[in-house]
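Here the structure comes first, spelled out in structure tokens, and everything after it is commentary.
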Amino acid sequence: MLTDPLADALAEAEKLVRDAAHIRTDQDLYEGYRYLAGGILASVHAAWATDRDLPFFIQGTGPFMKMGLDNPDTLYWGTRIDDQHEYVVTGTRGSTVDLSFQVLSGNYTAANVPGSESAFDDRAFDIDDDGSYEVRFGPEPSAGRRNYFQLAPGSSQLVVREVYSDWDQRRGTIRIARTDTAGIAPAALTAEGVE
């Protein structure tokens with residue numbers, strides 16, 4: 379079956395949690411399972427968000443999806459990008475403490491983490507009085523253009539963080555489009571594409 383490798387990997391991950399040396403109580407085990415479930419949710423969710431031609435932000439780590447040492451006051455959004463194309467990010471600024479952007483190069487693997495190519499927060503671009511904004515990322519130098527950020531060679535991911543500090547704050551909105559493919563429908567799925 380198509381899902382056999384996933385089922386086998388999930389069973390192996392459960393064994394790793396169950397047999398971990400630091401599991402001393404039932405509560406430790408239950409917390410380990412919850413962490414594993416969040417990682418599974420995030421990984422399965424991200425597996426379908428790899429099309430650099432038609433990017434969209436997916437919510438990564440947050441209250442129910444965990445990876446590594448994330449900040450518990452932060453919602454993370456991410457998408458795959460290509461350093462040879464221009465992207466436009468639009469949204470509305472919520473009332474959170476911080477809104478920040480980071481461009482990464484490379485991929486997360488068992489042995490590596492992506493390099494950070496650039497990082498900035500909402501003080502680095504203009505936001506309209508109604509909270510709306512438009513930020514562009516692309517291969518060309520910014521040449522003094524406000525709200526335009528050059529992608530370094532190898533740029534492969536864009537991560538956005540909304541830092542709350544107080545979960546009663548108003549959440550913002552965010553969207554992304556590649557300028558030369560905006561409005562184009564994705565290709566039909568194939569058997570190879572779902573394997």
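Count along the sequence shown from 1, add 378, and you get the number used in the numbering used here. Glycine included, each C-beta is placed from N, C-alpha and C at the ideal position. If you're wondering where the values come from, they're calculated on a predicted model, not measured in any experiment.
So, with DSSP's three-state summary, where would you put residue i?
i: L414; result: helix
i: L394; result: helix
i: G571; result: helix
i: E409; result: helix
i: L384; result: helix
i: A555; result: strand
i: D499; result: strand
i: L419; result: helix
i: D404; result: helix
Near residue i, what residues of its chain come up, given a Cβ to Cβ distance below 6 Å and the 5 sequence neighbours on each side ignored?
i: P531; result: D461
i: D431; result: T559
i: V537; result: G456 and Q480
Should residue i and residue j be called a contact, given that it needs their Cβ atoms to be closer than 7 Å?
i: V481; j: E495; result: yes
i: S478; j: R549; result: no
i: G410; j: G438; result: no
i: V491; j: A555; result: no
i: V395; j: L414; result: yes
i: D499; j: D476; result: yes
i: R471; j: G440; result: no
i: T474; j: Q547; result: yes
i: F435; j: I562; result: no
Our contact map puts residue i next to residue j with C-beta atoms below 8 Å; I'd like the distance itself, whole angstroms only.
i: G484; j: S534; result: 6 Å
i: T403; j: Y542; result: That belief does not hold up - the Cβ atoms of T403 and Y542 are roughly 31 Å apart, past 8 Å.
Okay, do the region 558-573 and the region 489-509 touch, 3+ Cβ pairs below 8 Å being the bar? no
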